[in-house]
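In my numbering, the protein residues as written are 228 to 506.
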């Protein structure tokens, strides 16, 4: 038998996340096991999540108060806003890498503009949102995701108009079989007309309400879906930005006998200062 030590199986990051997610689901279902767990501070939780490969920015967002799917703005629009602040500065030489990361997260090409240390990304074509900006200032980098879903006032008017026409159509359509039945039963328009009108109006009202509620639910579902997509984008861009950001320039002291060498990104060359020795 070989005396080689037993090697534990290595788990890929995706497998680690799957196991952690499944363990939390089981803990939430089994209340007895959940009650036996001990409390911990936010710092300890962040440290343990970091050991599992969760970036500090994502852990901080997870510990924040739950955000609504979409935030109603003062201008009447329903808007999704996500913001992450990262330590470090992204140099202009790395803006292309950040733009590629944003396009990959958005799953579409985009138009990029750079003004100083601020990079702005918008989808290609006529659309101007969702928009992502990456701005480095005072040793930190701010990532902002903004997407406007709809104007609440315009949305309500549009939904009401659509529900009204759909209700009228449903009411008119329902009156056809009622008229046929009234004629088959030899009921004249004067006797059966009010009943047919009342039933058709009721059908129209029910159809309009049902359509209005359905449109509201579809809109809410879209807001939830886009909110989850925004979280994925901001997490992906934050990871790429964190990898590209530099906290401070690295210094390389050039020796006299050392041949000239190309400086890496963020390096600053300093000439050696002559020193004298006393005999």
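Every residue gets a Cβ at the ideal spot worked out from N, C-alpha and C, and that includes glycine.
- Contact check for residue 469 against residue 282 passes: the beta carbons are separated by less than 8 Å.
- The Cβ atoms of residue 397 and residue 430 sit closer than 8 Å to each other.
- Shown here, residue 334 sits in coil according to DSSP, grouped into three states, outside any helix or strand.
- Beyond the five residues adjoining it in sequence on each side, residue 447 comes within less than 6 Å, by CB distance, of no other residue in the same chain.
- Put simply, the stretch 334-342 does not touch the stretch 376-385. Fewer than three CB pairs are less than 8 Å apart.
- Between residue 428 and residue 391, the CB-CB gap reaches or exceeds 8 Å.
- If you keep only unbroken alpha helix (DSSP H) runs of at least 4 residues inside the stretch 378-461, you get 379-411.
- Partner residues in the beta bridge of residue 345, as assigned by DSSP, are 342, 362.
- For residue 273, there is no enclosing beta strand (DSSP E); the residue is part of the alpha helix (DSSP H) that begins and ends at 269-278.
- Inter-residue distance for residue 272 and residue 345 is about 33 Å (C-alpha atoms, whole angstroms).
- Within the model, the alpha-carbon separation for residue 372 versus residue 424 is close to 52 Å.
- Counting every other CB atom within 10 Å of its CB across the protein chains shown gives residue 340 a total below 16, marking it as exposed.
- Burial is judged here by how many other beta carbons sit within 10 angstroms of a residue's own beta carbon; residue 421 has fewer than 16 and is exposed.
- By the neighbour-count criterion, in which a residue is buried when 16 or more other Cβ atoms sit within 10 angstroms of its Cβ, residue 462 is buried.
- The beta carbon of residue 394 sits closer than 6 Å to the beta carbons of 431, 434, 435 from its chain, once the five residues preceding and following it are set aside; these are given in chain order.
- When the alpha-carbon of residue 280 is set against those of 238, 250, 401, the nearest one is in 238.
- Across the structure, residue 453 and residue 342 are spaced so that their CA atoms are roughly 28 Å apart.
- Each of 266, 305, 353, 362 was checked against the Cα of residue 449, and the nearest Cα belongs to 305.
- A straight-line Cα-Cα distance of about 36 Å links residue 442 and residue 327.
- DSSP lists no beta-bridge partner residue for residue 281.
- Residue range 304-314 is occupied by the beta strand (DSSP E) that includes residue 306.
- In this structure residue 243 is exposed. Its beta-carbon is surrounded by fewer than 16 other beta-carbon atoms within 10 angstroms.
- Checking the DSSP bridge columns, you'll see residue 374 partnered with 307.
- Here DSSP, grouped into helix, strand and coil, assigns residue 236 to coil.
- For the options 307, 364, 465, 250, the alpha carbon positioned closest to that of residue 378 is the one of 307.
- The C-beta distance from residue 349 to residue 471 rounds to 20 Å, too long to fall under 8 Å, and the pair is not in contact.
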